[in-house]
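Note that my numbering has the sequence shown beginning at -14, numbered continuously upward. Ideal placement from N, C-alpha and C gives every residue a C-beta, glycine not left out. Keep in mind it's a predicted model, so treat the numbers as computed, not measured.
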Amino acid sequence: MANETPRPQSGPPRRGKRQYFRKKKVCRFCTEKVDYIDYKKADVLQGFVQERGKILPRRMTGTCSRHQRWLMVAIKRARSIALLPFASEL
-14 MANETPRPQS GPPRRGKRQY FRKKKVCRFC TEKVDYIDYK KADVLQGFVQ
36 ERGKILPRRM TGTCSRHQRW LMVAIKRARS IALLPFASEL
(Lines of atoms letter the chains of each structure in order from A and count residues from 1; the text may use other names and numbers.)
(Lines give C-alpha, C1' and ligand atoms only; values in the text may rest on other atoms or scores of the structure.)
Protein backbone atom coordinates (compact mmCIF):
# COMPACT_ATOMS: atom_id res chain seq x y z
CA MET A 1 0.00 0.00 0.00
CA ALA A 2 2.85 2.35 0.64
CA ASN A 3 4.21 1.83 -2.89
CA GLU A 4 1.08 3.06 -4.64
CA THR A 5 1.35 6.41 -6.34
CA PRO A 6 -1.66 8.61 -6.91
CA ARG A 7 -2.96 8.51 -10.47
CA PRO A 8 -3.18 11.83 -12.27
CA GLN A 9 -6.62 12.72 -13.43
CA SER A 10 -7.00 14.11 -16.92
CA GLY A 11 -9.81 16.41 -15.89
CA PRO A 12 -13.03 16.57 -13.97
CA PRO A 13 -15.16 13.43 -14.05
CA ARG A 14 -17.74 13.38 -16.81
CA ARG A 15 -21.33 13.76 -15.89
CA GLY A 16 -24.44 13.46 -17.96
CA LYS A 17 -25.49 11.23 -20.78
CA ARG A 18 -23.31 9.94 -23.54
CA GLN A 19 -24.12 11.39 -26.89
CA TYR A 20 -24.52 9.04 -29.79
CA PHE A 21 -26.01 9.52 -33.18
CA ARG A 22 -28.47 6.94 -34.40
CA LYS A 23 -28.55 6.28 -38.12
CA LYS A 24 -31.88 7.36 -39.55
CA LYS A 25 -33.88 4.43 -40.84
CA VAL A 26 -35.12 4.80 -44.37
CA CYS A 27 -38.08 2.92 -45.79
CA ARG A 28 -36.78 0.12 -47.98
CA PHE A 29 -39.90 0.13 -50.12
CA CYS A 30 -39.74 3.90 -50.73
CA THR A 31 -36.13 3.73 -51.90
CA GLU A 32 -37.02 0.89 -54.31
CA LYS A 33 -40.21 2.77 -55.37
CA VAL A 34 -42.47 -0.21 -54.72
CA ASP A 35 -46.10 0.31 -55.71
CA TYR A 36 -47.40 -2.97 -54.31
CA ILE A 37 -46.13 -5.38 -51.67
CA ASP A 38 -46.80 -8.86 -53.01
CA TYR A 39 -48.15 -11.31 -50.44
CA LYS A 40 -46.79 -14.24 -52.48
CA LYS A 41 -43.17 -13.27 -51.78
CA ALA A 42 -42.87 -15.05 -48.46
CA ASP A 43 -39.10 -14.64 -48.29
CA VAL A 44 -39.45 -10.83 -48.32
CA LEU A 45 -42.29 -10.86 -45.80
CA GLN A 46 -40.40 -13.21 -43.47
CA GLY A 47 -37.89 -10.43 -42.77
CA PHE A 48 -40.63 -8.33 -41.19
CA VAL A 49 -41.94 -11.03 -38.86
CA GLN A 50 -40.43 -12.08 -35.53
CA GLU A 51 -39.48 -15.68 -34.80
CA ARG A 52 -42.68 -16.13 -32.84
CA GLY A 53 -44.82 -14.82 -35.70
CA LYS A 54 -45.45 -11.24 -34.59
CA ILE A 55 -45.23 -8.43 -37.14
CA LEU A 56 -42.31 -6.10 -36.36
CA PRO A 57 -43.23 -2.47 -35.60
CA ARG A 58 -42.19 0.51 -37.69
CA ARG A 59 -39.59 1.65 -35.19
CA MET A 60 -37.70 -1.60 -35.71
CA THR A 61 -38.10 -2.05 -39.46
CA GLY A 62 -37.81 1.59 -40.50
CA THR A 63 -40.71 1.44 -42.95
CA CYS A 64 -42.96 4.43 -43.51
CA SER A 65 -46.56 4.37 -42.33
CA ARG A 66 -48.03 3.67 -45.78
CA HIS A 67 -45.76 0.72 -46.48
CA GLN A 68 -46.17 -0.60 -42.95
CA ARG A 69 -49.93 -0.81 -43.55
CA TRP A 70 -49.40 -2.52 -46.91
CA LEU A 71 -46.92 -4.87 -45.28
CA MET A 72 -49.38 -5.76 -42.53
CA VAL A 73 -52.09 -6.59 -45.07
CA ALA A 74 -49.67 -8.68 -47.17
CA ILE A 75 -48.48 -10.65 -44.13
CA LYS A 76 -52.05 -11.35 -43.04
CA ARG A 77 -52.97 -12.51 -46.53
CA ALA A 78 -49.90 -14.76 -46.70
CA ARG A 79 -50.84 -16.26 -43.34
CA SER A 80 -54.40 -16.97 -44.43
CA ILE A 81 -53.26 -19.00 -47.45
CA ALA A 82 -50.50 -20.72 -45.44
CA LEU A 83 -47.45 -19.08 -47.03
CA LEU A 84 -46.41 -17.79 -43.60
CA PRO A 85 -47.05 -19.44 -40.25
CA PHE A 86 -49.25 -17.73 -37.67
CA ALA A 87 -46.77 -18.71 -34.96
CA SER A 88 -43.60 -20.74 -34.99
CA GLU A 89 -43.22 -23.89 -32.99
CA LEU A 90 -41.01 -23.82 -29.95
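Evaluate Tyr24 with the Cβ neighbour count: other Cβ atoms within 10 Å of its Cβ, from every protein chain shown; 16 or more gives buried, anything less gives exposed. buried
So, under 8 angstroms CB-CB, Thr48 and Arg7 are touching, yes? Tell me the CB distance rounded to an integer number of Å. About 16 angstroms; that fails the 8 angstroms criterion.
Could you check what DSSP says for Val19 in three-state terms: helix, strand or coil? coil
What's the gap between the Cα of Lys2 and the Cα of Leu69? 42 angstroms
Using only alpha-carbon positions, find the residue among Arg51, Leu56, Asp28 and Ala27 that is nearest to Leu41. Leu56
Using only the alpha-carbon positions, how far apart do Arg37 and Ala72 sit? 5 angstroms
Start-to-end residues for the alpha helix (DSSP H) that takes in Val34: No alpha helix (DSSP H) holds Val34; DSSP gives it neither H nor E.
Straight-line gap, Lys10 to Ser65 (C-alpha atoms, nearest Å): 30 angstroms
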